[in-house]
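Inspection log for the structure reproduced underneath, given as structure tokens.
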Amino acid sequence: MTGPLTDLPLVVGVDGSEESYGAVDWAADEAALRGVPLRLVYASLWEQYEGGALAHDLGRITDRILADTIVGAAAERAHRRQVDVKVTTEVLPERPVTVLLREGHDASALVLGTRGRSGLTELLLGSVSLAVAGRAECPVIVVGRGPERRPGIRTEQRVVLGIGDETSPAAVDFAFRAAAGRDATLRAVRAWRCPAHESTDHPLLAGEPARLHEQQAAEVLETALRAAAARHPSVRVRRHTVEGPARKVLVEASRDADLLVVGARRREGHFGLQLGRVAHAALHHAACPVAVVPQRV
Numbered sequence: 001m002t003g004p005l006t007d008l009p010l011v012v013g014v015d016g017s018e019e020s021y022g023a024v025d026w027a028a029d030e031a032a033l034r035g036v037p038l039r040l041v042y043a044s045l046w047e048q049y050e051g052g053a054l055a056h057d058l059g060r061i062t063d064r065i066l067a068d069t070i071v072g073a074a075a076e077r078a079h080r081r082q083v084d085v086k087v088t089t090e091v092l093p094e095r096p097v098t099v100l101l102r103e104g105h106d107a108s109a110l111v112l113g114t115r116g117r118s119g120l121t122e123l124l125l126g127s128v129s130l131a132v133a134g135r136a137e138c139p140v141i142v143v144g145r146g147p148e149r150r151p152g153i154r155t156e157q158r159v160v161l162g163i164g165d166e167t168s169p170a171a172v173d174f175a176f177r178a179a180a181g182r183d184a185t186l187r188a189v190r191a192w193r194c195p196a197h198e199s200t201d202h203p204l205l206a207g208e209p210a211r212l213h214e215q216q217a218a219e220v221l222e223t224a225l226r227a228a229a230a231r232h233p234s235v236r237v238r239r240h241t242v243e244g245p246a247r248k249v250l251v252e253a254s255r256d257a258d259l260l261v262v263g264a265r266r267r268e269g270h271f272g273l274q275l276g277r278v279a280h281a282a283l284h285h286a287a288c289p290v291a292v293v294p295q296r297v
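Counting from 1, position 96 in the sequence shown corresponds to residue 96 in UniProt numbering; the numbering is continuous, with no gaps.
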């Protein structure tokens with residue numbers, strides 16, 4: 001471990017769903033790796049975002065009792081998972097997106113499950129997770145229900161970094177630090193396409209446009225990695241240029257990864273979700289946790 005990404009806590013949004021408890025498990029392991037505290041936050045108005053499917057089952061249990069039960073169970077789970085990690089909890093009577101975006105100002109990262117308590121299986125990503133990932137000022141890590149991979153258990157950890165046209169230095173540096181903390185291999189991936197109008201049916205010429213675009217992809221990849229690689233010389237980096245749509249390439253790369261890192265530009269004066277198509281697809285379909293790392297431009 002080369003030191004935490006920051007000394008600020010990891011903040012986890014909990015709501016009593018299995019997805020949020022899975023996020024607690026992942027965040028507890030991550031906090032132990034980073035040597036930072038874990039903060040568990042419950043926003044008492046989750047039902048307004050994720051539906052009221054459980055309302056009729058709650059009987060006479062008040063919102064406060066429910067909230068205390070949920071955060072208590074989450075804290076106990078985190079403590080059992082990583083006994084040395086300091087855990088604090090907070091119940092806040094506000095809307096979850098409002099709470100989590102505010103919490104993100106004093107967090108090293110926000111950690112969320114893919115879906116909330118609504119149990120709507122047709123929703124691949126819950127509205128809260130999507131809204132926070134698209135607006136937060138700190139990294140947001142969304143943990144799905146894929147195969148469990150506990151940091152520090154496997155002989156070789158893998159962090160995948162997607163390099164796009166506008167991948168920010170913040171995302172690259174986050175990926176290098178995440179790889180360093182895990183003693184992981186960093187797989188940096190740049191997808192490329194050969195435009196249809198440049199292709200030719202002549203067998204002697206068919207490969208030339210492809211070679212040009214692949215070379216350009218390799219140059220973009222090297223430029224994006226150069227500064228961070230110099231700052232983290234101990235990180236093992238594998239550079240990959242892959243032909244295909246970036247969304248498809250990164251989702252495929254996530255199948256053999258412990259963490260997928262993508263960037264998100266936050267443009268001044270723009271409101272609403274600022275994710276981009278690649279990050280949006282990764283959040284919905286990746287087979288491992290996804291870190292969305294924002295940077296203001």
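Glycine is no exception: its CB is placed at the ideal position from the N, C-alpha and C atoms.
These numbers were taken from a predicted model, which means no experiment stands behind them.
Residue i to residue j span [Cα, whole Å]
i	j	result
residue 250	residue 33	25 angstroms
residue 173	residue 62	44 angstroms
residue 13	residue 40	6 angstroms
residue 140	residue 188	19 angstroms
residue 84	residue 7	16 angstroms
residue 90	residue 193	47 angstroms
residue 255	residue 164	19 angstroms
residue 86	residue 182	20 angstroms
residue 285	residue 71	28 angstroms
residue 137	residue 212	37 angstroms
residue 277	residue 264	10 angstroms
residue 290	residue 283	6 angstroms
residue 131	residue 252	24 angstroms
residue 15	residue 218	43 angstroms
residue 95	residue 102	11 angstroms
residue 133	residue 279	9 angstroms
residue 69	residue 76	11 angstroms
residue 288	residue 81	20 angstroms
residue 135	residue 216	31 angstroms
residue 64	residue 35	31 angstroms
residue 129	residue 88	21 angstroms
Extent of the continuous alpha helix (DSSP H) run through residue i
i	result
residue 170	169–182
residue 164	Counting along the chain, residue 164 falls outside any alpha helix (DSSP H), and DSSP gives it neither H nor E.
residue 110	Segment 109–113 is the beta strand (DSSP E) holding residue 110; no alpha helix (DSSP H) there.
residue 277	277–285
residue 22	18–34
residue 97	96–103
For residue j and residue i, believed in contact at Cβ under 8 angstroms, the rounded distance
i	j	result
residue 113	residue 17	6 angstroms
residue 24	residue 78	5 angstroms
residue 170	residue 295	4 angstroms
residue 275	residue 293	The pair is not a contact, with the Cβ atoms about 12 angstroms apart (cut-off 8 angstroms).
residue 258	residue 210	The Cβ separation is near 31 angstroms, so there is no contact.
residue 37	residue 28	That belief does not hold up - the Cβ atoms of residue 37 and residue 28 are roughly 11 angstroms apart, past 8 angstroms.
residue 111	residue 26	7 angstroms
Residue span of the beta strand (DSSP E) that contains residue i, given as start and end
i	result
residue 251	Run containing residue 251: none in the beta strand (DSSP E); it sits in the alpha helix (DSSP H), 246–253.
residue 294	290–296
residue 241	236–243
residue 13	10–13
residue 142	140–143
Beta-bridge pairing of residue i - partner residues as DSSP gives them
i	result
residue 42	91
residue 130	Residue 130 is not bridged to any residue.
residue 190	241
residue 71	Paired residues: none, contrary to the question.
residue 264	294
residue 158	185
residue 212	Paired residue(s): none; residue 212 is not in a bridge.
residue 259	159
Cut-off 7 angstroms between Cβ atoms - residues of its own chain near residue i, not counting five sequence neighbours on either side
i	result
residue 332	Here the chain has residues from 1 to 297 only, and residue 332 is not among them.
residue 203	Only weak support is given to the placement of residue 203: the predicted model assigns it a pLDDT of 48, under 50, and the question is left unresolved by the model.
residue 191	242, 244, 245, 246, 249
residue 74	14, 21, 24, 40
residue 67	42, 44, 91
residue 167	224, 263
residue 232	176, 180
residue 281	247, 251
residue 221	163, 188, 190, 239, 241
Other residues of its chain near residue i: CB distance less than 8 angstroms, five sequence neighbours each side excluded
i	result
residue 92	41, 42, 43, 44, 99
residue 214	192, 241, 243
residue 225	163, 172, 188, 237, 239
residue 107	8, 9, 10, 11, 39, 138
residue 229	176, 235, 237
Sequence-distant residues of its chain with Cβ nearer than 6 angstroms to residue i (five each side left out)
i	result
residue 157	182, 184, 258
residue 227	none
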